[in-house]
Amino acid sequence: MTVAIPEGVLDSETVKLMIGDQFIFVTFEVMPDSIFSRDEFDVMQTVKVPLSKRMYLYSSIRGVIFESLVLLGGQIKVHGMQEDTFMRLTVPECTQPETLLRLANHGIKNPLSGEYGDMLIKVDFLCLIFPESKTEQF
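Just so you know, we're using this note's numbering here: the sequence shown kicks off at 11 and counts up by one.
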């Protein structure tokens with residue numbers, strides 16, 4: 011038997027479906043995704059920003075120098091909710107690591123209200139790690 015999975019179904023949710031003239035109850039187990047995590051109808055993904063789009067910012071408060079790692083800003087590519095789709099997102103200048111950016115109404119559709127959740131983009135920095143033999147050359 012093939013059953014259409016309702017959009018927005020939650021893990022361990024039981025749905026009543028009509029098959030012919032009878033009802034059956036189906037409980038869904040939602041598998042984790044390799045890109046997105048989920049909180050109700052909001053989805054979150056982490057985007058690694060390359061070294062070329064970040065800079066160090068130095069500031070001094072009462073003679074103490076602080077170093078902050080921030081983004082230069084610009085566009086990045088993020089995964090869309092449909093398979094093999096991408097969206098472009100503009101990241102503001104001076105965005106800190108671990109910052110959450112919100113794309114309203116780009117999450118999962120709530121089947122009861124018809125409204126969409128949000129997509130949260132967690133900005134992280136891509137760290138390049140060289141094998142020991144390569145680092146000794148520098």
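Don't be surprised by glycine CBs; every beta carbon is placed ideally from N, CA and C.
Expected contact under 8 Å - CB spacing of residue i and residue j to nearest Å
i           : j          : result
residue 36  : residue 13 : 6 Å
residue 118 : residue 53 : 6 Å
Residues of its chain near residue i, where Cβ-Cβ distance is below 6 Å and the 5 sequence neighbours each way are ignored
i           : result
residue 109 : 133
residue 111 : 131
residue 115 : 126
residue 11  : none
residue 128 : 52, 112, 114, 117
Beta-carbon proximity of residue i to residue j, cut-off 9 Å
i           : j           : result
residue 27  : residue 38  : no
residue 124 : residue 102 : no
residue 120 : residue 18  : yes
Best match in the options for proximity to residue i [C-alpha to C-alpha]
i           : options           : result
residue 107 : 99, 56, 85        : 56
residue 149 : 30, 32, 42        : Residue numbering for the chain in the displayed model covers 11 to 148; residue 149 lies beyond these limits and cannot be assessed.
residue 97  : 103, 104, 88, 105 : 88
residue 5   : 90, 49, 86, 93    : One cannot answer for residue 5 here, as it falls past the ends of the chain, which runs 11 to 148.
residue 94  : 120, 18, 104, 45  : 45
residue 91  : 58, 51, 32        : 51
Beta-carbon proximity list for residue i, same chain, < 8 Å, skipping 5 on both sides
i          : result
residue 15 : 38
residue 33 : 26, 27
residue 47 : 53, 54, 55
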